[in-house]
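Asker: Could you have a look at this structure, given as structure tokens, before my questions?
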Amino acid sequence: MTHITYVTVRFCETDALGHVNNTSYFVYLEDARIQFFKELRAETNIAKWCFIVASTKCDFLNQAYFDQCIKIETNISKIGNKSFQMVHRMSDAKTGTLIALGEATIVYFNFQLQKSEPIPKHLREKLLYYVSHHSEQMK
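Heads up: the sequence shown is residues 833 to 971, going by my numbering.
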């Protein structure tokens, strides 16, 4: 299954060149992650938060502009013992034009102990529902 989030580009997310600034894409990816975690019914109370971003990247393929609606499709490409890899495909919601591809490595983390921990079985089972065995489809 694929998780889908939509974002509409705000004026403040554009730059002097008139397109979405590169830093804004990471905000969109964060929003997609949070919505994904909510759909998983993962704990989003900050006192019980258990995820930390170990790595993130974004490949910019086409420009996006103010007031454009962007569709973000999210899948899981890999689940390890203590971390999992998220892949994001950002496209124009109206035309389907591919705008950017993003990735994030998320670590299951105990903030009180300040160390990573194995992903619990109940969470692993939920993540498996979103595993894409065809990562090329995200491109």
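Every residue, glycine too, gets a C-beta built ideally from N, C-alpha and C.
None of the values given here were measured: they were computed from a predicted structure.
What whole-angstrom Cβ distance do Y860 and V839 have, given they're in contact under 8 Å?
Answerer: Contact between Y860 and V839 holds: CB atoms are separated by about 5 Å, below the 8 Å threshold.
Asker: In terms of residue numbering, what span does the beta strand (DSSP E) encompassing V841 cover?
Answerer: Segment: none, V841 is in no beta strand (DSSP E) and carries neither H nor E.
Asker: For T906 and T834, which I take to be in contact (beta-carbon distance under 8 Å), what is that distance rounded to the nearest angstrom?
Answerer: 7 Å
Asker: Can you give the Cα-Cα distance for E957 and K880, rounded to whole angstroms?
Answerer: 20 Å
Asker: Just the Cα atoms here: how many angstroms apart are R842 and F858?
Answerer: About 14 Å.
Asker: Would you mind giving the Cβ-Cβ distance between I911 and I951, rounded to the nearest angstrom? I have them listed as a contact below 8 Å.
Answerer: 7 Å
Asker: Jot down the residue ranges of each uninterrupted beta strand (DSSP E) in the stretch 859–938, minimum 3 residues, whole runs only, in chain order.
Answerer: 883–892, 901–911, 915–924
Asker: Return the chain-ordered list of same chain residues with a C-beta closer than 6 Å to the C-beta of E949, the five sequence neighbours on each side being excluded.
Answerer: In its chain, beyond the 5 residues on either side, Y940, N942 have a beta carbon closer than 6 Å to the beta carbon of E949.
Asker: Between which two residues does the alpha helix (DSSP H) carrying L959 extend?
Answerer: 953–960
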